[in-house]
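Colleague: Sequences listed follow chains L and Y, in order. When the letters of the first sequence are read in order and numbered with our numbering, they come out as residues 1 to 114. When the letters of the second sequence are read in order and numbered with our numbering, they come out as residues 115 to 227. Where is the CB? At the ideal position from N, CA and C, for every residue including glycine. These numbers come from a predicted model, not from an experiment.
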Amino acid sequence: GAVVSQHPSWVICKSGTSVKIECRSLDFQATTMFWYRQFPKQSLMLMATSNEGSKATYEQGVEKDKFLINHASLTLSTLTVTSAHPEDSSFYICSATRGNQPQHFGDGTRLSIL
Amino acid sequence: DQQVKQNSPSLSVQEGRISILNCDYTNSMFDYFLWYKKYPAEGPTFLISISSIKDKNEDGRFTVFLNKSAKHLSLHIVPSQPGDSAVYFCAASPNNAGNMLTFGGGTRLMVKP
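What follows is the structure in structure tokens.
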């Protein structure tokens with residue numbers, strides 16, 4: 001099946017640091033990538049939808065200046081959490097899709113802000 | 115307002131028996147439904163899907179049933195195996211593609227040997 005790689009898998013950093021998370025589709029060209037956030041024992045909440053070469057579409061309540069998304073190519077999207085604070089600690093998951101295919105998910109990134 | 119709900123946060127089943135996971139939705143625009151399986155610290159893995167033009171889709175031990183009039187779907191796993199223990203999310207999409215998903219809250223399935 002399709003493989004989506006997410007890196008890093010775990011980040012621990014100090015408050016105020018900016019953190020970049022990469023999402024790569026390894027065996028297909030993803031026209032759309034999605035970024036989700038999951039709090040403990042809760043569902044995946046869509047943060048933003050990213051199409052290659054265009055600006056990301058953010059869900060209501062998600063700060064676009066806080067969560068910078070870049071989708072520079074058909075195989076790579078990045079999420080940068082700027083000036084991260086403890087409340088940004090969460091599990092971030094990306095997914096990738098092409099056309100009408102189901103989304104394929106990365107393994108997620110656990111972000112811990114001290 | 116949750117558009118996709120999984121009312122059972124957890125389910126415990128004996129190995130070899132049937133597991134039935136339920137999901138309800140409220141948005142009539144949803145016409146494509148998917149089930150994902152998720153282990154801790156991993157991303158969800160696609161299991162099975164169903165389009166609104168069908169009421170049943172089967173893939174090996176996994177069968178998804180859709181009742182459009184009741185806005186209800188269920189995932190049946192039979193026979194259940196200990197390796198099936200995970201969190202299961204149902205997801206719904208407003209197009210027949212599954213690339214715009216709204217997830218339910220998940221049900222943790224525990225299959226006991």
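If you compare alpha carbons, which of L:Arg37, L:Gly16, L:Trp10 is closest to L:Met47?
Modeller: Minimum Cα distance to L:Met47 is reached at L:Arg37.
Colleague: Return no unless some Cβ of chain Y is closer than 8 Å to the Cβ of L:Asp27.
Modeller: Chain Y contact via Cβ: absent.
Colleague: How would you label L:His85, buried or exposed, when you count the other beta carbons within 10 angstroms and need 16 or more for buried?
Modeller: Exposed.
Colleague: Is any beta-carbon of chain Y found at less than 8 Å from that of L:Gly106?
Modeller: Yes, contact with chain Y.
Colleague: Give the straight-line distance between the Cα atoms of L:Lys14 and L:Ile113, rounded to the nearest whole angstrom.
Modeller: One C-alpha to the other measures close to 6 Å.
Colleague: Where do the N-terminal and C-terminal ends of the beta strand (DSSP E) with L:His85 fall, by residue?
Modeller: Premise fails: L:His85 is in no beta strand (DSSP E) and is neither H nor E.
Colleague: Would a check of beta-carbon distances place L:Arg110 closer than 8 Å to chain Y?
Modeller: So yes, L:Arg110 belongs to the interface.
Colleague: Taking 6 Å as the limit between beta carbons, can you name the residues of its chain near Y:Phe217, skipping five residues before and five after?
Modeller: Once the five neighbours on either side are set aside, the close Cβ partners of Y:Phe217 are Phe203, Ala205.
Colleague: Below 8 Å between beta carbons: does that hold for L:Pro102 and Y:Leu189?
Modeller: No, the Cβ-Cβ distance between L:Pro102 and Y:Leu189 is not below 8 Å.
Colleague: Spell out a yes or no on whether the stretch 118–128 of chain Y and the stretch 165–174 of chain Y are touching, meaning 3 or more CB-CB pairs, one atom from each, closer than 8 Å.
Modeller: No contact exists between the stretch 118–128 of chain Y and the stretch 165–174 of chain Y.
Colleague: Name, please, each residue of chain L whose Cβ falls closer than 7 Å to the Cβ of Y:Ser163.
Modeller: Pro102, listed in chain order.
Colleague: Quick check: Y:Phe176 and Y:Ile162, are their CB atoms within less than 8 Å of each other?
Modeller: The answer is yes: Cβ separation under 8 Å.
Colleague: Which residues of chain Y have a Cβ atom closer than 9 Å to the Cβ of L:Gln42, listed in chain order?
Modeller: Residues of chain Y passing the Cβ test: Gly219, Gly220.
Colleague: Below 8 Å, can you find three or more Cβ-Cβ pairs linking the stretch 17–34 of chain L to the stretch 82–99 of chain L?
Modeller: Yes: the two stretches touch, three or more of their Cβ pairs being nearer than 8 Å.
Colleague: At the level of alpha carbons, what is the spacing between L:Gly16 and Y:Ser165?
Modeller: In a straight line, the C-alpha of L:Gly16 is about 45 Å away from that of Y:Ser165.
Colleague: Applying the criterion that 16 or more other CB atoms from any shown protein chain within 10 Å of the CB defines a buried residue, is Y:Met143 buried or exposed?
Modeller: Exposed is the call here.
Colleague: Could you name the residues of the stretch 150–183 of chain Y whose beta carbon sits closer than 8 Å to any beta carbon of chain L, in the order they occur along the chain?
Modeller: Residues passing the 8 Å Cβ filter: Tyr150, Ala155, Glu156, Gly157, Pro158, Thr159, Phe160, Ser163.
Colleague: Give, in chain order, every residue of the stretch 75–93 of chain L whose Cβ lies closer than 9 Å to some Cβ of chain Y.
Modeller: Flagged, chain order: Phe91, Ile93.
Colleague: Using beta carbons (cut-off 8 Å, strictly below), is Y:Leu223 in contact with chain L?
Modeller: Not an interface residue.
Colleague: Exposed or buried, Y:Lys151, counting other C-beta atoms within 10 Å across all chains shown (16 or more means buried)?
Modeller: Classification for Y:Lys151: buried.
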